[in-house]
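The structure appears below as structure tokens.
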Amino acid sequence: MKLVIERREISSRLFRFSAPLVSIAVALFVAGFLLLAGDINPLAAYQEIIVESLGSRYGLSETLVKTTPLIFAGLGVSLAFRMQIWNIGAEGQLYMGAMGATWVALFSGIQNHWLMLTAMFLAAFMCGGVWAGVAGFLRARWQVNEVIVTLLMNYIAILWIDYLVYGPWKDPRGFNFPYTAVFADTARFAEYFNTRLHSGFFLALACALILFLFIERTIWGYEIKVIGSNPKAAQYAGMQTGMAIFGVLFLSGAIAGLAGFSEVAGLQHRLQHGISPGYGYTAIIIAWLAKRSAIGVVIVSFLLGVLFVGGESLQLTWQLPVAFVYAFQGLILFFLLASDFFIIYRPRLIRR
Amino acid sequence: MFDTLEILLDATVRAGTPILFATLGAIINERAGIINLGIEGLMLIGALAGFAATHYSGSLLVGILVAFVATYIAGAIHALITVQLRGNQIVSGLALTMFGIGVTALFGKGMVGLTIDGFERIAIPGLSSIPVIGRPFFNQDILIYLSFLLVYLIWFFFYRTRWGLAVRTIGENPAAADTSGLSVSRYRFLAVTIGSGLVGIGGAYLSLASTPMWIENMSGGRGWIAVALVIFAGWSSPRALLGAYLFGGLTALQLRFQAMGTTISAHILQMLPYFFTILVLVVSTIRLQKGAGQQPEALGLPYDREDRK
Chain A
8 MKLVIERREI SSRLFRFSAP LVSIAVALFV AGFLLLAGDI NPLAAYQEII
58 VESLGSRYGL SETLVKTTPL IFAGLGVSLA FRMQIWNIGA EGQLYMGAMG
108 ATWVALFSGI QNHWLMLTAM FLAAFMCGGV WAGVAGFLRA RWQVNEVIVT
158 LLMNYIAILW IDYLVYGPWK DPRGFNFPYT AVFADTARFA EYFNTRLHSG
208 FFLALACALI LFLFIERTIW GYEIKVIGSN PKAAQYAGMQ TGMAIFGVLF
258 LSGAIAGLAG FSEVAGLQHR LQHGISPGYG YTAIIIAWLA KRSAIGVVIV
308 SFLLGVLFVG GESLQLTWQL PVAFVYAFQG LILFFLLASD FFIIYRPRLI
358 RR
Chain B
41 MFDTLEILLD ATVRAGTPIL FATLGAIINE RAGIINLGIE GLMLIGALAG
91 FAATHYSGSL LVGILVAFVA TYIAGAIHAL ITVQLRGNQI VSGLALTMFG
141 IGVTALFGKG MVGLTIDGFE RIAIPGLSSI PVIGRPFFNQ DILIYLSFLL
191 VYLIWFFFYR TRWGLAVRTI GENPAAADTS GLSVSRYRFL AVTIGSGLVG
241 IGGAYLSLAS TPMWIENMSG GRGWIAVALV IFAGWSSPRA LLGAYLFGGL
291 TALQLRFQAM GTTISAHILQ MLPYFFTILV LVVSTIRLQK GAGQQPEALG
341 LPYDREDRK
């Protein structure tokens with residue numbers, strides 16, 4: 008008997024559709040052993056995650072609150088994926104978006120509620136876009152590796168926000184805490200159902216719909232898809248690939264920047280140290296799990312929102328470090344990649 | 041004046057060494073054609089494994105060995121996915137980094153605040169009393185001497201041995217290597233795992249020599265700087281040494297500025313290494329396109345024998 012790997016004639020549909028769910032299940036199983044090794048009962052922990060995030064009206068609203076920035080950031084990263092461009096910098100773009108929105112909220116002096124929110128939206132959009140646009144420009148002009156540039160710019164963005172909230176933007180009445188003054192009511196989203204659920208969630212859903220239409224129904228969306236799947240053909244067809252790379256990374260960062268806008272306008276109502284527990288990094292796995300579909304991004308964001316709410320709860324009850332959420336996400340990706348193999352290939356035992 | 045220079049150079053070498061190990065490990069990966077973006081996570085795994093093993097065994101040697109083995113195994117996950125299962129190298133590497141950050145946060149929780157006796161300096165008689173360069177290069181801990189040796193050995197391996205040539209061929213043209221009877225998957229697997237092990241030693245340097253303790257997320261982006269330095273180094277180990285010390289020097293200067301009580305914000309100073317890395321990356325990429333150095337031709341591409349033409 009001998010094990011051989013052969014390519015399937017048709018890729019397995021069964022594997023393709025079940026792969027994300029199977030990957031999450033296997034990751035849960037393996038993560039259970041890690042939790043056990045860390046002296047935490049995995050079954051109790053998993054039960055707590057579900058109960059805390061989905062078991063009550065308040066829990067569910069908290070999950071949607073966490074889902075909101077994940078949708079924005081996930082949409083941004085997934086747009087770039089469409090063109091085989093890697094935007095690993097959604098975290099930094101979120102921070103810069105939050106900075107832009109905060110600048111408008113604190114220093115623009117706008118009095119009208121809608122005008123204020125519109126200006127904050129635009130500022131976040133531009134700041135996130137420019138931040139990613141730098142990587143886009145470098146990639147388009149000199150083929151500089153965008154993975155490394157977008158990633159390193161995360162560190163710079165986070166340090167820059169720290170500089171602001173520890174320094175010039177620090178709330179003078181904030182007892183030296185690293186945050187800005189709190190926003191006026193004009194710069195805040197409405198909240199619903201007596202929970203922390205805010206308009207940002209609905210804005211995120213609208214954003215997903217618009218992006219879906221942009222990709223599927225416009226000529227630009229078509230070009231992005233062609234350049235992504237076959238850059239040579241795109242060039243022969245006379246498409247401006249360089250311009251497209253810059254434009255897509257700019258837009259990708261701009262959408263991720265909206266996550267920052269939504270966080271400061273809807274939830275935190277100020278800029279502060281550590282506004283994101285890593286939503287921008289989670290966005291990468293969301294984009295990969297969603298397989299480029301905007302609707303998929305919404306669904307996967309919700310699933311990972313559950314994980315964030317559960318993770319925060321486990322931190323309180325079991326002193327589990329929040330960073331453990333990353334270990335879990337890493338495992339999901341590992342198993343997803345492994346299952347991709349079985350979509351295309353088939354192991355078979357043959358007799359010699 | 042000379043004293044200041046000597047102190048700065050000494051701090052440069054000590055700050056550059058973890059990045060040097062990581063860059064050397066990444067070069068070995070990429071020479072075989074595999075991109076490894078898990079360097080940051082591997083450094084953390086190496087730092088924690090090395091610290092824990094040293095704490096429980098009381099032996100620094102055991103700590104270094106455990107750091108190597110732990111990251112060798114973690115690297116094997118990346119190798120399995122990218123070499124055997126032909127998965128996407130970028131995603132697998134990012135997953136490895138996320139996994140490393142999370143796992144070390146979980147298992148490192150109980151290690152915070154513990155102490156060990158870190159590596160001590162060993163003066164090389166005669167050489168260590170040379171002014172200015174004596175202390176920085178010849179009165180250091182044994183890992184720094186090991187890093188000098190590795191720079192030479194890795195160069196020797198790639199350019200003077202049959203196996204080194206085999207790895208380079210596999211990174212350039214796996215189909216041709218396969219035709220000539222080399223096992224592409226075996227060489228690639230070993231390049232990823234051994235390279236990862238070296239990255240782990242770089243991580244262990246942080247927790248066993250730089251600051252003998254474990255701090256969550258203590259690599260702080262050095263792994264990503266190493267990934268960028270591979271391009272600066274043009275995949276060559278002597279240039280990796282140059283690159284790593286460039287960044288060591290920047291860190292040393294930044295710390296010196298802070299110690300001198302400058303009015304520049306610490307946050308702004310801390311940005312410099314990242315900013316500088318991007319600058320160096322841009323310049324080296326442009327140089328690369330002008331024909332200086334050569335990126336392995338098959339870098340990032342999975343190899344499937346059925347595609348061979």
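Protein sequences appear in the order of chains A and B. Per this note's numbering, the first sequence starts with residue 8, numbered consecutively. Per this note's numbering, the second sequence starts with residue 41, numbered consecutively. Note that beta-carbon positions come from the ideal geometry of N, C-alpha and C, so glycine has one too.
Residues of the stretch 85-98 of chain B with a C-beta less than 7 Å from any C-beta of chain A: none at all. Sixteen is the threshold: when 16 or more other Cβ atoms of the shown chains lie within 10 Å of the Cβ of R71 of chain B, as they do, the residue is buried. By the beta-carbon neighbour count (other beta carbons within 10 angstroms, threshold 16), M311 of chain B is buried. Identification of residues in the stretch 143-171 of chain A having a C-beta nearer than 8 Å to some C-beta of chain B yields L145, W149, Q150, V151, N152, V154, I155, V156, L158, L159, M160, Y162, I163, L166, W167, D169, Y170, given in sequence order. Contact annotation: A80 of chain A and Y286 of chain A have beta-carbon atoms nearer than 8 Å. Among the residues of the stretch 334-359 of chain A, those with a Cβ less than 7 Å away from any Cβ of chain B are A334, F335, Q336, G337, L338, L340, F341, L344, A345, D347, F348, in the order of the chain. Interface with chain B (8 Å Cβ-Cβ cutoff): R20 of chain A is excluded. Our two residues, I231 of chain A and L190 of chain B, have alpha carbons roughly 45 Å apart in a direct line. For L356 of chain A, the enclosing beta strand (DSSP E) begins and ends at 352-357. Bounds of any beta strand (DSSP E) do not take in K149 of chain B, whose DSSP letter is neither H nor E. Counting only Cβ-Cβ distances below 8 Å, W325 of chain A has no contacts in chain B at all, with the closest Cβ about 10 Å away. Listed along chain A are L159, each with a C-beta nearer than 7 Å to that of T317 of chain B. For R14 of chain A, the enclosing beta strand (DSSP E) has its first and last residue at 9-14.
In the DSSP assignment, H280 of chain A falls outside any alpha helix (DSSP H) and carries neither an H nor an E.
Take the alpha-carbon of S346 of chain A and the one of V316 of chain A: they are about 27 Å apart. In the DSSP annotation of this structure, the continuous segment of the alpha helix (DSSP H) that includes Y243 of chain A starts and ends at 238-243.
Contact of V332 of chain A with chain B is assigned, a C-beta pair being separated by under 8 Å. One finds R14 in chain A with Cβ atoms closer than 7 Å to the Cβ of E346 of chain B, taken in chain order. Your pair V304 of chain A and S30 of chain A does not check out as a contact, with CB atoms roughly 17 Å apart and the cut at 8 Å. Between A142 of chain A and M160 of chain A, the beta carbon gap of about 7 Å places them in contact (Cβ cut-off 8 Å). Counting the other Cβ atoms within 10 Å of the Cβ of E16 of chain A gives fewer than 16, which makes it exposed. E160 of chain B carries a coil assignment under DSSP once its states are collapsed to helix, strand and coil.
Flagged as an interface residue toward chain A: A135 of chain B, by a C-beta distance shorter than 8 Å.
According to the DSSP assignment, I222 of chain A belongs to the alpha helix (DSSP H) that extends over 206-224. Taking the C-beta atoms as reference points, G243 of chain B is found nearer than 8 Å to S259 of chain B.
Inside the stretch 64-129 of chain A, DSSP marks whole alpha helix (DSSP H) runs of 4 or more residues at positions 64-89, 97-114, from first to last along the chain.
In the same chain as G107 of chain A, and ignoring 5 residues on each side of it, the C-beta atoms closer than 6 Å to its own belong to A130, A131, C134, in chain order. Against S132 of chain B, the close residues of chain A are L340, F341, L344, in the order they occur along the chain (beta-carbon pairs closer than 9 Å). At a beta-carbon threshold of 8 Å, the residues of chain A lying near Q329 of chain B are W149, Q150, ordered along the chain. In this chain, the alpha helix (DSSP H) harbouring R327 of chain B covers 306-329. Chain-ordered, the chain A residues with CB closer than 8 Å to the CB of G127 of chain B read L344, A345, D347, F348.
DSSP places Q334 of chain B outside both helix and strand once states are collapsed to three, so it counts as coil.
In the DSSP secondary-structure assignment, Y186 of chain A is bridged to A:Q279. Using a CB distance cut-off of 8 Å, A66 of chain B does not count as an interface residue toward chain A. Within the same chain, and ignoring the five residues on either side of F335 of chain A in sequence, the residues whose Cβ sits closer than 7 Å to its Cβ are A34, A38, L314.
In this structure, the beta-carbon distance from I75 of chain B to G263 of chain B does not fall below 8 Å.
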